[in-house]
Amino acid sequence: MSERVLVIERICSERRGVQAMIARATGIDKGAVSRMVHGKMEPYPGWGKAIAAALGWAGDWRGLFEYEDGGDGA
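Under the working numbering, residues 3 to 76 are what the sequence shown spells out, in order.
The structure is reproduced here in structure tokens:
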């Protein structure tokens, strides 16, 4: 059974140091970045746009904070 995760959570789990890079590039506190990545805090629109830019995300920033089915290896 696969788990639902945020797109940004999957991206951060695939590459080490992404949350720290987002914090450095955007000036957003590392704790706030972590809470947003794990779905415990809704991003402010300005923060969402800054995070998308830091990641080179081409789509609408809201897409980073949508849930998707996580891979279960099957």
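Just so you know, even glycine gets a beta-carbon here, dropped at the ideal spot from N, CA and C.
For residue i, does the three-state DSSP call read helix, strand or coil?
i     : result
Glu16 : helix
Glu68 : coil
Residue i to residue j, Cα distance in whole Å?
i     : j     : result
Gly58 : Ala52 : 10 Å
Gly50 : Glu5  : 23 Å
Val35 : Cys14 : 11 Å
Gly33 : Glu70 : 23 Å
Thr28 : Gly48 : 10 Å
Among the options, which one has its Cα closest to the Cα of residue i?
i     : options                       : result
Ala54 : Leu66, Met43, Glu44 and Tyr46 : Leu66
Glu68 : Met38, Gly48 and Ala56        : Met38
Glu44 : Gln21, Arg17 and Arg64        : Arg64
Does at least one heavy atom of the ligand HEM sit under 6 Å from the Cβ of residue i?
i    : result
Leu8 : You won't find the ligand HEM in this model; it holds no ligand whatsoever.
Grab me the residues of residue i's own chain with a C-beta within less than 7 Å of its C-beta, minus the 5 sequence neighbours each way, in chain order.
i     : result
His40 : Glu11
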